[in-house]
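Here the structure comes first, spelled out in structure tokens, and everything after it is commentary.
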Amino acid sequence: AGCLESVIEAGNEKLCNYFVDGATGDVQTIPRREATPGIGLSRPQLVECIENIARDCPLVTLRRGVGVSRVTEEEMDDSRGEGGVTGQLTVHLGDGTVISGVTHVVGADGKWSKVRQSFPSLDSQAKLVSCTGFGILMCGESAPEAFSSKDGTYVIFPPKDEDNTIPQDFYIIASPLTNGGVALAMVCSDSITRRYPWLKPEADPKPKDVGKGGWKDETSLEKKLLLDDFTKNDLSKNLDKMLQETVPAFHAAVDKSFYENARINRRPTWLQMSATNKDGGRTEEVSYSTESGNVALVGDAAHAMTASMGEGGNCAMESAVKLVDAVGCIMKEKGETECTVDTMNAGFLKYGVSRPKDVQPIQEMSAARNNK
372 AGCLESVIEA GNEKLCNYFV DGATGDVQTI PRREATPGIG LSRPQLVECI ENIARDCPLV
432 TLRRGVGVSR VTEEEMDDSR GEGGVTGQLT VHLGDGTVIS GVTHVVGADG KWSKVRQSFP
492 SLDSQAKLVS CTGFGILMCG ESAPEAFSSK DGTYVIFPPK DEDNTIPQDF YIIASPLTNG
552 GVALAMVCSD SITRRYPWLK PEADPKPKDV GKGGWKDETS LEKKLLLDDF TKNDLSKNLD
612 KMLQETVPAF HAAVDKSFYE NARINRRPTW LQMSATNKDG GRTEEVSYST ESGNVALVGD
672 AAHAMTASMG EGGNCAMESA VKLVDAVGCI MKEKGETECT VDTMNAGFLK YGVSRPKDVQ
732 PIQEMSAARN NK
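Under the numbering used here, the residues of the sequence shown are numbered 372 to 743, in order.
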């Protein structure tokens, strides 16, 4: 309770989208149709809002800066011939902390989830799929006047002509930030590199190396624009010239400092979950939970998606709610006022098979936009 109110207070309420002609600067305002408010805020702000609520919850301990390295299932004492697992879990943290006697784990540790990798029944379903297209990120501490209204997101397009001779191989998203700055994301199709070879992103990691770098796998470090003298930075100069030629109204509104901190990302990847049985054959259902129901995945650990639709964070929070709802539903069916371990197992299992049906179509639509 109070989490939505906290987010609304911390962020910018989004009432519309602004579609901008990059050549003329003409703006078309598209009001939001959804009844629920759209909120724009940074990831650290969202984390802070959630933490502020979690601190007041009983039996909650917050740890920052430490991740899960692996999760293991505890073995029974075999001295009495009772070899096997107890059903309890041990969580190993990156700082060496070991937490034993755990009944349930929710893996919310991202696309390269160590929780997911700890359980073959989950990890065998997972495959990172690379898309075509890529993005260039730029940030500024102060928003250009043309993109300063915080009640919406700006989408800047190259101009169109009747003969369709002007390539439509990129667009720019300008998102005003709560601190008065603005984030720019230039979304590019692969075809743009035929006109501007210097935009080509770094090659994808080799299959054996995928995931080793974590989130750094998504960025092209060799292509990062260093904060040096603008006149010495070829990529900054190329961006400046390109945008002046293709979207002159946008170029006139943006300070050159944006180009100095730009970063070209690798082609985005998303997490495709495809169910397999123990023999490697296909089964009918994907599940975000283990067979015993003691582990469930939410967010990017279960359904990482590309950023083209801006639905990754939304789906992550919805999954957390759906998991709680599934456990609550089982409690209601059993007439329980306190949740038992068996009920938690059943709730995790219910969520595990039901949630993919909701979120996988969104993942596929998002990836399709990147592959245009």
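Idealized CB from N, CA, C, for every residue including glycine. Please read all numbers here as calculations on a predicted model, not as lab measurements.
For this session: Run the CB neighbour count on K429, radius 10 Å, all protein chains shown included, and call it buried at 16 or more, exposed below.
Result: Lys is not the amino acid found at residue 429; the sequence shown has Pro there. It is exposed - the Cβ of P429 has fewer than 16 other Cβ atoms within 10 Å.
For this session: Classify Q459 as helix, strand or coil using the three-state DSSP reduction.
Result: strand
For this session: Return the CA-CA distance between E631 and R638, expressed in angstroms with no decimal places.
Result: 21 Å
For this session: State yes or no: is the C-beta of S471 nearer than 6 Å to some heavy atom of the ligand NAD?
Result: With respect to the ligand NAD, the structure shown offers nothing to examine, as it has no ligands at all.
Problem set entry | Beta-carbon proximity list for I563, same chain, < 7 Å, skipping 5 on both sides | D540, F541, L570
Exercise. Would you call the CB atoms of I527 and G670 closer than 7 Å?
Worked result: no
Problem set entry | G783 vs S663 beta-carbon contact at 7 Å | In the structure as shown, the chain starts at 372 and stops at 743, and residue 783 therefore has no counterpart that could be examined.
For this session: State the start and end residues of the unbroken alpha helix (DSSP H) segment that holds A425.
Result: 414 to 425
Exercise. Taking just the CA atoms, how far does E446 sit from M680?
Worked result: 44 Å
Exercise. Who does E384 pair with in a DSSP beta bridge?
Worked result: I410
Problem set entry | L668 classed as buried or exposed, judged by whether at least 16 other C-beta atoms fall within 10 angstroms | buried
Exercise. Mind checking P529: buried by the 16 CB within 10 Å criterion, or exposed?
Worked result: buried
Exercise. Do three or more CB pairs link the stretch 378 to 391 to the stretch 410 to 418 at distances below 8 Å?
Worked result: yes
Exercise. Opposite Y542 in the DSSP bridges: which residues?
Worked result: V558
Problem set entry | Cβ-based neighbour list, L694, same chain, cut-off 8 Å, excluding 5 preceding and 5 following | V477, A667, V669, G718, F719, Y722, R726
For this session: Using a threshold of 7 Å, state whether the C-beta atoms of L464 and V473 are closer than that.
Result: no
For this session: Step through the CB atoms of chain D and report whether any lies within less than 7 Å of the CB of A667.
Result: Among the chains of the structure shown, chain D does not appear; only one protein chain is present.
Exercise. What did DSSP end up calling K498 once you bin it into helix, strand or coil?
Worked result: strand
For this session: Put C710 into one of helix, strand or coil per three-state DSSP.
Result: coil
Exercise. Quick one: is T640 buried, meaning 16 or more other Cβ sit within 10 Å of its Cβ, or exposed?
Worked result: buried
For this session: Identify every run of the alpha helix (DSSP H) within the stretch 631 to 680, keeping only runs that are complete inside it and at least 4 residues long; order them along the chain.
Result: 671 to 674
For this session: Sort V553, E682, S501 by Cα distance to D561 and report the nearest one.
Result: S501
Exercise. For G382, does the count of other Cβ atoms within 10 angstroms reach 16, so buried, or fall short, so exposed?
Worked result: buried
Exercise. Less than 7 Å separating the beta-carbons of P408 and C387?
Worked result: no
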